[in-house]
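Residue numbers (this note's numbering): 288 to 885.
We treat Cβ as the ideally placed atom computed from N, Cα and C, and that holds for glycine.
What you are looking at is a predicted structure, and each value in this text was computed from that prediction instead of being measured.
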Amino acid sequence: MKSTLLSRKDLDFLLFDWLRVDELTGRARFAEHSRETFGGALDLCEQLATRYFAPHNKKSDANEPTFDGQKVTIIPEVKAALTACAEAEFIGMGMDYELGGAQLPATVAQAGFAWLMAANVATAGYPMLTMANANLLAKFGTDEQIDTFVKPMIAGRYLGTMCLSETQAGSSLADITTRAEPRDDGTYRLFGSKMWISGGDHELSDNIVHLVLAKIPGGPAGTKGISLFIVPKYLVNPDGTPGERNDVVLAGLNHKMGYRGITNTVLNFGEGGHRPGGAPGAIGYLVGTEHRGLNYMFHMMNEARLGVGMGAIALGYTGYLKSLDYARSRPQGRPATTKDPAAPQIPIIEHADVKRMLLAQKSYVEGALALALYCARLVDVQHTAESDEELEQATALLDILTPIAKSWPSQWCLAANDLAIQVHGGYGYTREYDVEQHYRDNRLNPIHEGTHGIQSLDLLGRKVVQRDGASLAALHRVMSESIAAAQRAGGEAADAASRLEAVLERLVAVTAGMFASGDIEAALANSAVYLEAFGHVVIAWVWLEQLLAVDGRAGDFFDGKRAAARYFFRYELPKTGPQLDLLESLDRTTIEMRPDWF
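Dropping the structure here:
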């Protein structure tokens, strides 16, 4: 029976036929791997997802974590799933051998992790945050910090978080007020409060490793004065065992419309709720050097942004497969050309409008999955670059694609979930079917790790113009190579290439005109529109790449790829025309709108 979580056939096609990840074994970092070990890792992840994560997805949604003022209670299946991950050495899939990891390519690890997110995105949030936390400390932490905190996280004994937001600051990290006071012993004492901390408190692990942004008194104002600290829930004894409770207090749980199975917390640091006999303040350990915390945290934030995008894809993908399964089995209505009311009903998948909704979902989720795995492939190239030029190109491409890989799936795979509900009809919004929960879960992703507005400002205000447009030029170059290859291939690929080429060149011209105008305020005011148009161009390119990969191959799977690409080029890519018109006009409607007019 085919899985309704993800399509293994699609994953294998993207990984091996398109991205050719088995060629990575020719690089020293992955030399001990093979296509067989890659396939084995994917098999393991699918088994974990099916056996341990999917069965409690609805139960954890209906039975949120509770807090009685002393401890958090979570349904036992969550602990069982995380224990299974630890026993399978899942957390370290992509991490270095010397840290206890399996050193798999990020492309394979991300494909594997997608299974868990499709099965239960809330429970999968615990290992996702832990992996990103461990990766940051492995890069910027000291040997002692790695031994004390990273290795236990890789082993699954500790879990990790990221503590950025504060109630009064929200996404404006320049305005955080949590402070870190240095002590003579080289530690710091932290005082303040953090909001929206996923996985912030629980009894699921021996310890929780919080990565906390705070300001050291006397430092520079704004983001330049932010430092990064390790603040564990329990201090660690010299022998590596968890010891005294640190002064990190759970103030309460937030209750969200989705991701209900993972704790989302308000944490107070240094309020004296613990360690009553010790010095006031939560004990923290500086990561790297003072006042460079935001630079370090971006390593985790960017990884988390790609993770959020993959989570959105996984939710959209499983919703698509479940609506596809429903459409095949649900008889209703008759062909439009049939006038006989006594004629037998047909499955709704035979109706053109249902096919439209399924095609839209397929084009969104399969296109987004391809983009996410392409970005993971860029991470692998960064880790193994064989020349400065190769490293520079991979970095430039990943820089400009990260806001797209986070935000486009968060918008359009959510749209896929919306369509999945519609395909189910009245059953779609009942709790007896999964698709209503997938929609609620996915609705959080346009906000997670930076809203659409933040990502769009990052894309247009930073990534497009950085290094004199080097990232945009790199992306234009690889897209142009794909277009040229498709034009040489001829047929449907050549037609799609011509459509993409016209929109791509207009996007580049409009981008240049927006900045040449000198009206930066007007250019940035419509950055969200720019992000959407840019994202559609990127996904069209990814579909063109898939068209090339299926060229000359016969069978239902490959015909389905061609149909989805055709849908995207004919139904979706043309939507960029009015958007580029608006951007080119430097429309000031939103700027000129006054608060009193609402």
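### Message
One question on the structure: do Met-597 and Ala-659 come within less than 8 Å of each other, judged by their Cβ atoms?
### Response
Taking the sequence shown and counting its residues from 1, the one referred to as residue 597 is at position 310. Taking the sequence shown and counting its residues from 1, the one referred to as residue 659 is at position 372. Cβ distance < 8 Å, so Met-597 and Ala-659 count as in contact.
### Query
Can you give the Cα-Cα distance for Thr-576 and Leu-293, rounded to whole angstroms?
In the sequence shown, residue 576 corresponds to position 289, counting from 1. In the sequence shown, residue 293 corresponds to position 6, counting from 1. Those two C-alpha atoms are separated by around 43 Å.
### Query
When the distance is taken between beta carbons, is Val-641 closer than 8 Å to Tyr-607?
To locate residue 607, count along the sequence shown from 1; it is residue 320. To locate residue 641, count along the sequence shown from 1; it is residue 354. Using a Cβ distance threshold of 8 Å, Tyr-607 and Val-641 do not count as a contacting pair.
### Query
Beta carbon of Gly-506, beta carbon of Gly-412: below 8 Å?
Numbered from its first residue, the sequence shown carries residue 506 at position 219. Numbered from its first residue, the sequence shown carries residue 412 at position 125. Contact: no.
### Query
Taking the alpha helix (DSSP H) that Val-437 falls in, what are its first and last residues?
Here the question's residue 437 lines up with position 150 in the sequence shown. Element bounds for Val-437: n/a, residue is neither H nor E.
#### Entry: Sequence-distant residues of its chain with Cβ nearer than 6 Å to Lys-848 (five each side left out)
To locate residue 848, count along the sequence shown from 1; it is residue 561. Residues Gln-833 and Val-837 of the same chain have their beta carbon placed closer than 6 Å to that of Lys-848, with the five preceding and five following residues left out of the count.
### Task
Please classify Lys-502: does DSSP put it in a helix, a strand, or coil?
Position 215 of the sequence shown, counting from 1, holds the residue named residue 502. Under the three-state reduction of DSSP, Lys-502 is assigned to strand.
### Message
Is the separation between the beta-carbon of Ala-419 and that of Phe-340 shorter than 8 Å?
### Response
Position 132 of the sequence shown, counted from the first residue, corresponds to residue 419. Position 53 of the sequence shown, counted from the first residue, corresponds to residue 340. The Cβ atoms of Ala-419 and Phe-340 lie no closer than 8 Å to each other.
### Query
Mind checking His-725: buried by the 16 CB within 10 Å criterion, or exposed?
On the sequence shown, position 438 is the one that residue 725 refers to. Residue burial is scored here from C-beta neighbours: His-725 has at least 16 other C-beta atoms within 10 angstroms and is therefore classed as buried.
### Query
For Ile-633, which residues from the same chain have a beta carbon less than 7 Å from its beta carbon, with the 5 sequence-adjacent residues on both sides left out?
Taking the first residue of the sequence shown as 1, we reach residue 633 at position 346. Within the same chain, Ile-633 has close Cβ partners Pro-618, Gly-620, Arg-621 and Pro-622.
### Query
Which class does Pro-519 belong to by DSSP, given the choice of helix, strand or coil?
The residue you call residue 519 lines up with position 232 of the sequence shown. In the structure shown, Pro-519 sits in a strand (DSSP, three-state: E or B).
### Query
Is the Cβ-Cβ distance between Trp-830 and Phe-855 less than 8 Å?
Position 543 of the sequence shown, counting from 1, holds the residue named residue 830. Position 568 of the sequence shown, counting from 1, holds the residue named residue 855. In this structure, Phe-855 lies closer than 8 Å to Trp-830 by Cβ.
### Task
Please report the residue range of the beta strand (DSSP E) in which Leu-446 lies.
Sequence index remark: in the sequence shown, residue 446 carries index 159 (1-based). Taken as a continuous stretch (DSSP letters only), the beta strand (DSSP E) holding Leu-446 covers 445-450.
### Query
Along the chain, which unbroken stretches of the alpha helix (DSSP H) at least 4 residues long are found entirely within the segment 773-804?
For the segment 773-804, whole alpha helix (DSSP H) runs of length 4 or above, ordered along the chain, are 778-803.
### Message
Helix, strand or coil for Gly-596? Go by DSSP, reduced to three states.
### Response
Counted from its first residue, the sequence shown places residue 596 at position 309. Residue state, collapsed to three classes: helix.
### Message
On the criterion of 16 or more Cβ atoms from any shown chain inside 10 Å, does Tyr-604 qualify as buried, or is it exposed?
### Response
Position 317 of the sequence shown, counted from the start, is the residue given in the question as residue 604. Classification for Tyr-604: buried.
#### Entry: Own chain partners of Leu-835 with C-beta closer than 8 Å, once the 5 adjacent residues on each side are dropped
Locating residue 835 in the sequence shown gives position 548, where the first residue counts as 1. Only Ser-769, Ala-772, Ala-773, Ala-776 and Ala-780 meet the Cβ criterion.
### Query
Does DSSP classify Tyr-720 as helix, strand or coil?
Here the question's residue 720 lines up with position 433 in the sequence shown. Assigned with DSSP and collapsed to three states, Tyr-720 falls in coil, not helix or strand.
### Task
Specify whether the segment 708-721 and the segment 781-790 touch according to this definition: at least 3 beta carbon pairs, one from each stretch, less than 8 Å apart.
Here the segment 708-721 makes no contact with the segment 781-790; the two share fewer than three CB pairs at distances below 8 Å.
### Query
Can you check whether the CB of Val-574 is closer than 8 Å to the CB of Glu-736?
Residue mapping note: residue 736 aligns to position 449 of the sequence shown, counting from 1. Residue mapping note: residue 574 aligns to position 287 of the sequence shown, counting from 1. Result no, Cβ atoms of Glu-736 and Val-574 do not sit closer than 8 Å.
### Three-state class that DSSP yields for Ile-433 in the structure shown
Sequence index remark: in the sequence shown, residue 433 carries index 146 (1-based). Note: Ile-433 maps to helix in three-state DSSP.
### Query
By Cβ distance, which residues of its chain are closer than 6 Å to Ile-484, with the 5 residues on each side in sequence left out?
Position 197 of the sequence shown holds residue 484. Closer than 6 Å at the Cβ level, and outside the excluded window around Ile-484, lie Thr-448, Cys-450, Thr-552 and Leu-554.
### Query
What does Arg-532 pair with, by DSSP beta-bridge criteria?
Taking the sequence shown and counting its residues from 1, the one referred to as residue 532 is at position 245. Looking at the DSSP assignment, Arg-532 forms a beta bridge with Tyr-521.
### Member of His-763, His-670 and Ala-760 whose CA lies at the smallest distance from the CA of Arg-314
Locating residue 314 in the sequence shown gives position 27, counting from the first residue. Comparing Cα-Cα distances from Arg-314 to each of His-763, His-670 and Ala-760, the minimum goes to His-670.
#### Entry: Inter-residue Cα distance where the pair is Pro-529 and Asn-494
Residue numbering aside, residue 529 sits at position 242 when the sequence shown is read from its first letter. Residue numbering aside, residue 494 sits at position 207 when the sequence shown is read from its first letter. The straight-line gap from Cα to Cα measures roughly 7 Å.
### Task
Could you round the C-beta distance between Thr-394 and Asp-612 to whole angstroms and report it? I think they count as a contact, below 8 Å.
Here residue 394 corresponds to residue number 107 of the sequence shown, with the count starting at 1. Here residue 612 corresponds to residue number 325 of the sequence shown, with the count starting at 1. About 28 Å; that fails the 8 Å criterion.
### Task
Tell me Ala-569's beta-bridge partners as DSSP assigns them.
For the purposes of this step, residue 569 is taken as the residue at position 282 of the sequence shown. In DSSP, Ala-569 forms a bridge with Leu-477.
#### Entry: Where His-763 falls: helix, strand or coil (DSSP)
Residue 763 sits at position 476 when you count from the first residue of the sequence shown. If DSSP states are grouped into helix, strand and coil, His-763 belongs with the helices.
### Task
Determine the direct distance from the alpha carbon of Pro-469 to that of Gly-568, and round the result to whole angstroms.
Locating residue 568 in the sequence shown gives position 281, counting from the first residue. Locating residue 469 in the sequence shown gives position 182, counting from the first residue. Approximately 11 Å between the Cα atoms of the pair.
### Supposed close pair Leu-540, Ile-361 - CB separation, criterion 8 Å
Sequence index remark: in the sequence shown, residue 540 carries index 253 (1-based). Sequence index remark: in the sequence shown, residue 361 carries index 74 (1-based). Going by Cβ atoms, the distance from Leu-540 to Ile-361 rounds to 11 Å, so no, they are not a contact pair.
### Task
With a threshold of 16 other CB atoms inside 10 Å of the CB of Pro-733, please say whether the residue is buried or exposed.
In the sequence shown, the residue the question calls residue 733 occupies position 446. Burial call: buried.
### Message
Relative to the C-alpha of Glu-351, which candidate in Ala-467, Pro-631 and Gly-545 has its C-alpha closest?
### Response
Numbered from its first residue, the sequence shown carries residue 351 at position 64. Minimum Cα distance to Glu-351 is reached at Gly-545.
### Query
Could you check where the alpha helix (DSSP H) with Leu-706 kicks off and where it finishes?
Working through the sequence shown from its first residue, we reach residue 706 at position 419. Its alpha helix (DSSP H) spans residues 675-711.
### Query
Below 8 Å between beta carbons: does that hold for Thr-863 and Ala-820?
Looking up residue 863 in the sequence shown gives position 576. Looking up residue 820 in the sequence shown gives position 533. Yes, the Cβ-Cβ distance between Thr-863 and Ala-820 is below 8 Å.
### Query
Three or more C-beta pairs closer than 8 Å, one from the segment 328-338 and one from the segment 681-692: is that the case here?
No, the segment 328-338 is not in contact with the segment 681-692.
### Task
Return the Cβ separation of Gly-896 and Glu-871 in integer angstroms, given the expectation that the two are a contact with Cβ distance under 8 Å.
Outside the shown range of the chain (288 to 885) lies residue 896, about which nothing can therefore be said.
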